[in-house]
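Chains as they are written, first to last, in the working numbering: chain H, 931 to 1149; chain L, 62 to 365. Using N, Cα and C, we set each Cβ at its ideal position, and we do this for glycine too. Quantities reported herein were computed from a predicted structural model and do not represent experimental measurements. Worksheet for the structure shown next.
This is the structure:
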């Protein structure tokens, strides 16, 4: 009985990643790039920032003094890289998984930025540390901030470049109800063990939109 | 208030809590996030109009800011945990708790204004530095203050529970009828279990201060953005007005939470025979304190 109550109280606490609410909203567009052997090698990630954050950034940099919501080519050039000075501890809010295993990604490169319609869009490239064949298991790309300071949403259908025949890509929107169920299951599992100091279940990803690359062997 | 209506408050609160635990708020969270997402565009538009000196732009900004405060408070947040926990745990009157909720929301705006004003004029901080101070320094302090208040509730509730024990051993003492004009002395306090009067003894200014500080110390990033933006645009006064409107928007939610907490607590008490109230109050305090402390402790750990 007491254990149950402790479980409930811990549950209240664990359910609190959402105690932080997002202040920056980003639309993510993904491109999965394959090499000539049909292996996934890199991701091009495009982030479109919400108008408010875009206004903060452009005002700070003195861009768009006429407030027409668009930057000239030169201004955009100066803007490029504004969001690419990552702290060593920042994982980049893009995660690639296969078979439940996190695949390491390079630091960002080849970045661009533009400002249109009052919104900044930046893109960058993340290379997979090792190219990987998508066949037996799906390749999953997630876009989320574990701290939920930035709320990411994958928009549109991600593209694939150089993908072998038989590969498709689909987006699955985060299902908060299902994610809460996963969270509760993780808590119940922990409540049963004595390992109170055990690692916090990695459930943040459950709250993320994800793109899923599925390939069937070309016959 | 009628007893049935009071108990309805308890049922409603338990129902809401159950729905939350069962994950039934997922849809609401999604709606709130969509609302927040839309708000960004509205707010940016209002600031741009203000900069262009559009007529009516200030009113549009105030309205946008109020909505921003409301929609950001509609999601889960530290202020609501604290107000609800305190409201359930202590027998604080509705008007006082509502006033505390209002004052702490406005104080949160004031902290944002002070941080940006001092940051820009005296310290020469950049936006990143100000947001960094808010996230890395002030947020943990705020969670720490909430944790302490939670522990304080636990401590007081537990103390009262322990002190109740002797009265069970000596029922004759406990049944002693108090003369309403009887002057309580130290001895009296020791001899009896806590009287309803003692248990209900209203919370001091220390509590109020801790409550306000716990909520106010952590400025909202959206408010910092607005202040920095309007400073750079040379319309800081409008920024201050906007941030205060955000505080009012936030307060509209925290005051509602305060009302719900008081309603639920009084409902819980109304569902009991009068004699048991004095026994249950410390348990409520202990339980509410525990929830507040655990939630604050966990977010504190994560924010460090």
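- The secondary-structure analysis by DSSP pairs residue 1041 (chain H) with nothing; it has no beta-bridge partner.
- Per DSSP, residue 986 (chain H) is one residue of the alpha helix (DSSP H) stretching across 981-990.
- Against residue 321 (chain L), chain H offers no close residue; the least beta-carbon distance is about 16 Å (beta-carbon pairs closer than 9 Å).
- By alpha-carbon distance to residue 1063 (chain H), the top candidate from H:975, H:1147, H:1022, H:956 is H:1147.
- Under the Cβ criterion of 8 Å, residue 224 (chain L) is not counted among the residues facing chain H.
- Residues of chain H with a Cβ closer than 7 Å to the Cβ of residue 113 (chain L) are, in chain order, 997.
- Against chain H, the beta carbon of residue 289 (chain L) has neighbours under 9 Å at 986, 989, 990, listed in chain order.
- Secondary structure of residue 91 (chain L) (DSSP, three-state): helix.
- About 5 Å separates the Cβ atoms of residue 977 (chain H) and residue 1052 (chain H), confirming a contact at the 8 Å cut-off.
- Between residue 310 (chain L) and residue 134 (chain L), the CB-CB gap stays under 8 Å.
- DSSP places residue 1144 (chain H) in the strand class (E or B) of the three-state scheme.
- A straight line joining the alpha-carbon of residue 1019 (chain H) with that of residue 966 (chain H) spans about 33 Å.
- Runs of alpha helix (DSSP H) with 4 or more residues, each lying fully within the stretch 157-225 of chain L, are found at 188-194, listed in chain order.
- A buried status is given to residue 324 (chain L), since no fewer than 16 other beta-carbon atoms sit within 10 Å of its beta-carbon.
- Against chain H, the CB of residue 315 (chain L) has no partner CB under 8 Å away; the residue lies outside that interface.
- For residue 967 (chain H), the secondary structure class from DSSP, reduced to helix, strand or coil, is coil.
- For residue 132 (chain L), the enclosing alpha helix (DSSP H) begins and ends at 118-135.
- Segment contact: the stretch 137-153 of chain L against the stretch 293-309 of chain L, fewer than three CB-CB distances shorter than 8 Å; contact not assigned.
- For residue 1046 (chain H), the CB contacts under 6 Å within the same chain, skipping 5 residues up- and downstream, are 1000 in chain order.
- In this structure, DSSP gives residue 266 (chain L) a helical state, which the three-state scheme calls helix.
- Relative to the Cα of residue 68 (chain L), the nearest Cα in the group L:110, L:307, L:326 belongs to L:326.
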